[in-house]
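Engineer: In my numbering, the protein residues as written are 506 to 669. Cβ atoms here follow ideal geometry from the backbone N, Cα and C, with glycine treated the same way.
1. In three-state terms, what does DSSP make of residue 662?
2. Alpha carbon to alpha carbon, what distance is there between residue 632 and residue 656?
3. Tell me whether residue 648 sits in a helix, a strand or coil according to DSSP, three-state version.
4. If contacts are defined as beta-carbon pairs under 8 Å, then residue 641 and residue 619 qualify, I think. What distance do you get, rounded to the angstrom?
5. First and last residue of the alpha helix (DSSP H) that includes residue 602?
6. Can you tell me which of 537, 552 and 664 puts its alpha carbon nearest to the alpha carbon of residue 573?
7. Apart from the five residues on each side of it in sequence, which residues of its chain come closer than 7 Å, Cβ to Cβ, to residue 549?
8. DSSP on residue 569, reduced to helix/strand/coil?
9. Could you tell me the alpha carbon to alpha carbon distance between residue 542 and residue 648, rounded to whole angstroms?
10. Here's the rule: buried if 16 or more other CB atoms are within 10 angstroms of the residue's CB, otherwise exposed. What is residue 571?
11. Is the separation between the beta-carbon of residue 629 and that of residue 602 shorter than 8 Å?
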């Protein structure tokens, strides 16, 4: 049997027209950068549905839903997500949504779990920022203090703490 280029080219062209996960991820990031949170959230959720254990897809969806002010969708998405996708930053966003929905004990529990998994200033900064945005400045102060202690930098986050 002899294959011609014409027999191979159409399937290859069809494959190129369907964006793979990396392409979809780049588009989701571009939507975020453009402030198109609705399309970003939709695309992150599609990616998560295709690969439910990829934490960055869950985090992208949670971040976009947060920007849309949709805490209920954040809670539903996190609670339906795979354990493997529940990274420290997914837990931090989950804590944010819980606090915004009037569940401070559950929020603090989620944030405590997130804090057990972090190791850099940027991680602590993200968690504290979400705590502040959720209306929990006292928790943010505790997060900054924990960062100082765990990272061995007693002057770390001095400006942030002074502003609380």
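Structural biologist: A quick look at the data gives this:
1. Here residue 662 refers to the residue found at position 157 of the chain shown. For residue 662, the secondary structure class from DSSP, reduced to helix, strand or coil, is coil.
2. On the chain shown, position 151 is the one that residue 656 refers to. On the chain shown, position 127 is the one that residue 632 refers to. Separation of residue 656 and residue 632 (C-alpha to C-alpha, rounded to the nearest whole angstrom) is 15 Å.
3. For the purposes of this step, residue 648 is identified with residue 143 of the chain shown, where counting begins at 1. The three-state secondary structure of residue 648, taken from DSSP, is helix.
4. The residue you call residue 641 lines up with position 136 of the chain shown. The residue you call residue 619 lines up with position 114 of the chain shown. Actually they are not in contact, since the Cβ atoms of residue 641 and residue 619 sit about 13 Å apart, beyond 8 Å.
5. By one-based count along the chain shown, residue 602 stands at place 97. That run of the alpha helix (DSSP H) goes 593 to 605.
6. Counting from one through the chain shown, the residue named residue 573 turns up at place 68. Of all alpha-carbon atoms in 537, 552 and 664, the one lying nearest the alpha-carbon of residue 573 is that of 537.
7. Locating residue 549 in the chain shown gives position 44, where the first residue counts as 1. So the qualifying residues of the chain are 533, 562, 565, 566 and 569.
8. Indexing the chain shown from 1 puts residue 569 at position 64. Residue 569: helix per DSSP, three-state reduction.
9. As a position in the chain shown, residue 542 is number 37, starting the count at 1. As a position in the chain shown, residue 648 is number 143, starting the count at 1. Roughly 28 Å between the two C-alpha positions.
10. Along the chain shown, read from residue 1 onward, the residue named residue 571 stands at position 66. Under the 10 Å beta carbon count, residue 571 is surrounded by 16 or more other beta carbons and is classified as buried.
11. Here residue 629 refers to the residue found at position 124 when the chain shown is read from its first residue. Here residue 602 refers to the residue found at position 97 when the chain shown is read from its first residue. Not a contact, by the Cβ cut-off of 8 Å.
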